[in-house]
Amino acid sequence: MSSILEQERYTCAIGAMQTVTAIRRAVPILHSGPGCGMMVSGFFERAKGYAGGSTAPCTNSGENEVVFGGEEKLRRLIQGSCQVLDSDLQVVLTGCTAGIVGDDAGRVVRDFQEQGRAIVHVETPGFKCNNFVSHSHVVNAIIDQYVDRFARGRTGEPLTVNVFASLPYQDPFWKGNLSELKRLLEGIGLRANILFGPESGGVEEWQRIPEAGFNILVSPWAGLEIVQHLQEKYRQPFYHFPHIPIGSNETVRFLNGVAEFAGLDRARTEAFVAGEERAFYEEIDTLATFLLEFRYGLPSYVHVIHDASYVLGMAKFLLHEVGITPREQFVVDNTPEVFQAGIRAELASAAGKRHIPVTFDPDAGRAQEVIRGLSHPGRGLLIGSGWDKLLAQEKGLDFLSASAPSPYRLVLTTGYLGFRGGLRLIEDIYDRVLATYR
């Protein structure tokens with residue numbers, strides 16, 4: 007791997023300020039150099055939330071803080087933020103300057119915690135890790151330093167579950183995906199704490215984390231530290247689904263797996279799933295006439311440049327339920343090597359006798375170069391970020407922007423998860439195909 011990455015599709019560790027921004031009435035406080043918050047929110051597009059981006063308080067550390075330290079400046083910033091910003095939770099995140107100088111932000115924050123303030127600190131210097139990893143660090147810090155205050159006297163509720171899935175803002179469809187997860191899980195009889203977004207209960211929902219009977223992780227690897235930590239801390243087991251379930255096949259597998267894990271009423275689960283499947287396949291039947299009419303002018307193969315969860319989820323859905331063959335796939339989330347074999351095996355099990363090549367490389371520029379050199383018969387589709395638009399035009403591929411950064415697309419509450427998400431993905435793909443006809 008080269009020392010320089012082209013088109014890195016995630017941010018440094020302080021990018022987990024978006025994890026905080028996604029919690030209702032929570033405020034990230036940055037102990038960092040100027041511009042970090044704007045850089046992060048600018049990368050993710052329209053990602054300021056309640057108090058992110060230019061609104062996020064920042065120490066704007068400079069030469070003086072490098073020489074003399076910035077702890078007192080941080081203390082003054084926290085005091086001012088508590089007076090000016092109406093919030094339920096504040097999370098202090100440290101940047102590279104504080105990490106190199108060695109400022110003890112934790113000591114400063116503990117002084118405020120002892121006063122009863124709802125405030126947390128996390129070490130997130132950019133050189134430490136990326137935001138996929140630091141997301142777990144932020145969540146675990148909130149659990150340890152804030153949520154744990156409310157754990158005493160809480161009794162476990164077997165039908166309450168904490169859900170960890172799409173990373174806020176890193177996944178452009180996080181709001182829609184979490185909303186759909188909540189709907190699906192409540193449909194089979196669970197009470198779901200989704201923790202992030204407008205449909206969560208904000209910090210009050212976070213306070214109920216210790217009450218949950220178990221946790222759900224929908225991800226190949228990102229977030230695994232969270233559910234493992236909760237298992238150790240509160241003895242909560244977890245159900246792990248290895249990718250975002252898109253369409254009918256994988257959503258049914260997900261719901262049946264959760265129901266069996268939780269010991270839910272089988273008849274209720276089957277009735278709910280049957281209703282969802284019926285609605286899904288009614289739309290697929292409607293689609294059949296269109297597919298027959300345009301069968302020679304629709305994409306026959308697809309390349310996906312995305313994180314591991316979407317590469318797996320989209321490849322399975324497009325192959326088995328849409329009829330678009332996954333060709334070379336590119337995982338660009340810097341998946342740790344220890345998880346790569348499992349992801350390859352999951353993709354191979356879904357592909358049957360087909361071989362679907364998958365490359366793990368955070369250098370998306372290299373992925374583009376590989377695609378430039380490929381040639382497959384038929385009409386092709388490229389699913390990636392906005393940075394792949396010109397490549398698709400160059401290669402004559404249909405293009406769908408579905409990952410960050412996505413400057414050519416506005417996403418509000420759209421999601422690709424579940425039965426409804428699968429239908430939406432079909433709509434988005436064929437909408438772009440039909441737009442090429444004159």
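In this text, residue positions in the sequence shown follow the working numbering: the first is 7, and each later residue adds one.
Note that the Cβ used here is the ideal one computed from N, Cα and C, for glycine as well.
Query raised in the report: Going by other Cβ atoms of all chains shown within 10 Å of its Cβ, with 16 needed for buried, is residue 85 buried or exposed?
Result: Exposed is the call here.
Query raised in the report: Unbroken alpha helix (DSSP H) runs of length 4 or more, entirely within the segment 301-326: which are they?
Result: The qualifying runs are 314-323.
Query raised in the report: So what does DSSP say about residue 361, is it helix, strand or coil?
Result: Reduced to three states, the DSSP call for residue 361 is coil.
Query raised in the report: In this structure, does DSSP put residue 391 in helix, strand or coil?
Result: Reduced to three states, the DSSP call for residue 391 is strand.
Query raised in the report: Under 9 Å between the Cβ atoms of residue 527 and residue 140?
Result: Any property of residue 527 remains undetermined from this structure, which presents the chain solely from 7 to 444.
Query raised in the report: Comparing alpha-carbon positions, which option in 406, 385 and 372 lies nearest residue 12?
Result: Nearest of 406, 385 and 372 to residue 12, Cα basis: 372.
Query raised in the report: Measuring CB to CB, does residue 240 end up less than 9 Å from residue 157?
Result: Taking 9 Å as the cut-off, the Cβ atoms of residue 240 and residue 157 count as close.
**Report entry** Contact under 9 Å by Cβ, residue 418 with residue 181
**Finding:** Cβ atoms of residue 418 and residue 181: closer than 9 Å.
Query raised in the report: Apart from the five residues just before and just after residue 235, which ones in its own chain have a Cβ nearer than 6 Å to its Cβ?
Result: Scanning its chain for C-beta atoms nearer than 6 Å, with the 5 sequence neighbours on each side dropped, one finds around residue 235 the residues 146, in chain order.
Query raised in the report: Which parts of the segment 157-187 are runs of the beta strand (DSSP E), unbroken and 3 residues or longer, counting only runs that do not cross its ends?
Result: Counting only runs of 3 or more, we get 163-170.
Query - Beta-bridge partners of residue 218, as assigned by DSSP - result: Residue 218 is bridged to 163.
Query raised in the report: Taking three-plus beta-carbon pairs below 8 Å as touching, is the segment 188-198 in contact with the segment 158-173?
Result: The answer is yes - the segment 158-173 touches the segment 188-198, with three or more Cβ pairs under 8 Å.
Report task. Determine, using beta carbons only, whether residue 99 and residue 23 come nearer to each other than 9 Å. Result -> Yes; because the gap between Cβ atoms is below 9 Å, this pair is in contact.
**Report entry** Minimum C-alpha distance to residue 211 - residue among 223, 90 and 197
**Finding:** Nearest option by C-alpha distance: 197.
**Report entry** Through-space distance from residue 363 to residue 431, alpha-carbon basis
**Finding:** In this structure, the straight-line span from the alpha carbon of residue 431 to that of residue 363 is close to 22 Å.
Query raised in the report: Hey, out of 76, 292, 403 and 278, whose CA is closest to residue 113's CA?
Result: Comparing alpha-carbon positions, the option among 76, 292, 403 and 278 lying closest to residue 113 turns out to be 76.
Report task. Closer than 6 Å by C-beta to residue 151: which residues in its own chain qualify, once you throw out the five before and the five after it? Chain order, please. Result -> When the five nearest sequence neighbours on each side are left out, the beta carbons in the same chain lying within less than 6 Å of the beta carbon of residue 151 are those of 126, in order along the chain.
Requested in this report: Starting from residue 246, trace the beta strand (DSSP E) both ways and give me its first and last residue.
Outcome: Its beta strand (DSSP E) spans residues 244-247.
Query raised in the report: Does the Cβ of residue 15 have 16 or more other Cβ atoms within 10 Å, making it buried, or fewer, making it exposed?
Result: Burial call: buried.
Query - Residues bridged to residue 336 [DSSP beta-bridge criterion] - result: Bridge partners of residue 336: 311 and 365.
Query raised in the report: With residue 90 and residue 57 assumed to form a contact (beta carbons below 8 Å), what rounded beta-carbon distance in angstroms separates them?
Result: Not really, about 11 Å apart at Cβ, beyond 8 Å.
Report task. Kindly list the residues whose CB is nearer than 6 Å to the CB of residue 248, restricted to its own chain and excluding five residues on each side of it in sequence; keep chain order. Result -> Result list for residue 248: 226 and 352, in chain order.
Report task. Keeping to the same chain, check which residues put their C-beta closer than 7 Å to that of residue 87; ignore five residues upstream and five downstream. Result -> For residue 87, where only same-chain residues beyond five positions count, the Cβ hits under 7 Å are 33, 35, 63 and 96.
Requested in this report: Report, in whole angstroms, the separation of the C-beta atoms of residue 103 and residue 72, which I expect to be a contact under 8 Å.
Outcome: Taking the Cβ atoms as the reference, residue 103 lies roughly 6 Å from residue 72, within the contact range of under 8 Å.
**Report entry** Rounded straight-line distance, which links the Cα of residue 70 to that of residue 183
**Finding:** Taking the straight line joining both Cα atoms gives about 44 Å.
Query raised in the report: Among all the DSSP beta bridges, which residues are the ones paired with residue 271?
Result: Note: residue 271 sits in no beta bridge, so no partner.
Query raised in the report: Does the beta-carbon distance from residue 410 to residue 51 come in below 9 Å?
Result: Here residue 410 is near residue 51, since their CB atoms are less than 9 Å apart.
Requested in this report: Give every residue of the same chain whose Cβ lies closer than 6 Å to the Cβ of residue 429, excluding the five residues on either side of it in the sequence, and list them in chain order.
Outcome: These residues qualify, in order along the chain: 289.
Report task. Name the two residues that bound the continuous alpha helix (DSSP H) containing residue 202. Result -> Run containing residue 202: none; DSSP gives neither H nor E here.
Query raised in the report: From this set, 346, 404, 30 and 115, which residue's C-alpha is nearest residue 204's C-alpha?
Result: Its Cα nearest to that of residue 204, the residue 30 stands out among 346, 404, 30 and 115.
Query raised in the report: By the 10 Å Cβ neighbour count, where 16 or more other Cβ atoms means buried, how is residue 7 classified, buried or exposed?
Result: Note that residue 7 scores a pLDDT of 46, beneath 50, so its modelled location is shaky; the value from the coordinates is reported in the next line. Flag for residue 7 reads exposed.
Query raised in the report: Which residue from 214, 130 and 155 puts its Cα closest to that of residue 162?
Result: Comparing Cα positions, the closest option is 214.
Query - Per-residue burial, residue 443 [other beta carbons within 10 Å of its own, 16 or more giving buried] - result: With fewer than 16 other Cβ atoms within 10 Å, it is exposed.
**Report entry** Neighbourhood of residue 219 by C-beta, 8 Å cutoff - its chain only, sequence neighbours within 5 removed
**Finding:** 162, 163, 164, 165, 166, 167, 242 and 268, listed in sequence order.
Query raised in the report: Fully enclosed by the segment 72-155, which beta strand (DSSP E) runs are 3 residues long or longer?
Result: You should have 95-100 and 125-129.
Query raised in the report: What is the rounded straight-line gap between the Cα of residue 346 and the Cα of residue 117?
Result: CA-CA distance, residue 346 to residue 117, rounds to 42 Å.
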